[in-house]
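Visitor: Here you go, one structure.
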Amino acid sequence: PPIDPLRISFSAAHGTMTPEGPLLTRRMSDVAGLFADEDARRRAADGDDPVVYTVAASPVPEAAGELPQSLTTILPGAVSGEFHMTKGHMHPDPQGEIYLGLSGRGGVLMYDGTRTEWIEMEPGMIGYIPPGWAHRSVNVGDEPYRFLAVYPGSAGHDYGWVVEHGMGRRVYRDGASYTLAPFSAA
Ligand code: PAN
Ligand code: ZN
Numbered sequence: 010p011p012i013d014p015l016r017i018s019f020s021a022a023h024g025t026m027t028p029e030g031p032l033l034t035r036r037m038s039d040v041a042g043l044f045a046d047e048d049a050r051r052r053a054a055d056g057d058d059p060v061v062y063t064v065a066a067s068p069v070p071e072a073a074g075e076l077p078q079s080l081t082t083i084l085p086g087a088v089s090g091e092f093h094m095t096k097g098h099m100h101p102d103p104q105g106e107i108y109l110g111l112s113g114r115g116g117v118l119m120y121d122g123t124r125t126e127w128i129e130m131e132p133g134m135i136g137y138i139p140p141g142w143a144h145r146s147v148n149v150g151d152e153p154y155r156f157l158a159v160y161p162g163s164a165g166h167d168y169g170w171v172v173e174h175g176m177g178r179r180v181y182r183d184g185a186s187y188t189l190a191p192f193s194a195a
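With the sequence shown counted from 1, adding 9 to any position gets you my numbering.
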């Protein structure tokens, strides 16, 4: 059954949602194969194993008809110059999603298997992800990058698609800015 109406607060400063659902933490040891330089990733995981990103959620369930929300925080950093990012996924039931930038500087990399798109994100900006586009978020700044995501509860999350097809590009530090390089397997 659908849940009751909810009033939800979220913090752009802390990356929290209240009331809160499950909290996910992805450390360097959780993202094997994500970065092009897998040896450097493993060394970081074997070292202080830093948090790469966290995902806080509201209690709205991932069920048909509902509109779940989550708040992602990507910590600043890079692995051999490749900026911290989310794993990335495809919605197996092709449905759109909106991202609302809350703090920091980042971007959404999208890939439909042929075409790559990059949308720069900053506070107050909406990034729209159309159905059929895999999506990955990247922190290209030097402070936490945060965004709120709203997506259909029946969309699902297919991580294997990205492992198999890649994302078209990788995002590297380039002086004080960034550059998109052709995708290479890890
Ligand atoms: C987002 C993502 C979140 C974490 O809420 O799930 O940013 O990224 P990964 O799921 O790729 O690890 C979203 O796109 N939901 O559909
Ligand atoms: Zn998504």
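Glycine is no exception: its CB is placed at the ideal position from the N, C-alpha and C atoms.
Computed from a prediction, not measured in an experiment: that's the story for all the values here.
Would you identify the three-state DSSP class for V88, choosing helix, strand or coil?
Guide: Position 79 of the sequence shown, counting from 1, holds the residue named residue 88. V88: strand per DSSP, three-state reduction.
Visitor: Compute every distance between the C-beta of E91 and the non-hydrogen atoms of the ligand ADP, then say whether any falls below 7 Å.
Guide: Ligands present in the displayed structure are limited to the ligand PAN and the ligand ZN, and the ligand ADP is not among them.
Visitor: Can you tell me where the alpha helix (DSSP H) holding W170 begins and where it ends?
Guide: Residue mapping note: residue 170 aligns to position 161 of the sequence shown, counting from 1. W170 -> alpha helix (DSSP H) spans G169 to H174.
Visitor: Going by beta carbon distance, what residues of the same chain come within less than 7 Å of T188, once the five residues before and after it are set aside?
Guide: Within the sequence shown, numbered from 1, the residue matching residue 188 stands at position 179. Answer for T188: Y181, listed in chain order.
Visitor: Where do the ends of the beta strand (DSSP E) carrying R182 lie?
Guide: Numbered from 1 along the sequence shown, position 173 holds the residue referred to as residue 182. Segment R178 to D183, the beta strand (DSSP E) holding R182.
Visitor: Pick out whichever of D48, I83, W127 and I135 has its Cα sitting closest to the Cα of H23.
Guide: In the sequence shown, counting from the first residue as 1, residue 23 sits at position 14. Nearest option by C-alpha distance: I83.
Visitor: Please state whether the Cβ-Cβ distance between E29 and G162 is less than 8 Å.
Guide: As a first step, residue 29 is located in the sequence shown; it is residue number 20 there, counting from the start. As a first step, residue 162 is located in the sequence shown; it is residue number 153 there, counting from the start. No; because the gap between Cβ atoms is not below 8 Å, this pair is not in contact.
Visitor: When burial is assigned at 16 or more other CB atoms within 10 Å of the CB, is M129 buried or exposed?
Guide: Here residue 129 corresponds to residue number 120 of the sequence shown, with the count starting at 1. Reading off the sequence, residue 129 comes out as Glu, not Met. It is exposed - the Cβ of E129 has fewer than 16 other Cβ atoms within 10 Å.
Visitor: Please report the residue range of the alpha helix (DSSP H) in which E199 lies.
Guide: This structure leaves residue 199 out entirely; the chain is present only between 10 and 195.
Visitor: Quick one: what's got a C-beta closer than 7 Å to P101's C-beta in the same chain, skipping five residues either side?
Guide: To locate residue 101, count along the sequence shown from 1; it is residue 92. Excluding positions up to five away in sequence, the list reads G165 and D167.
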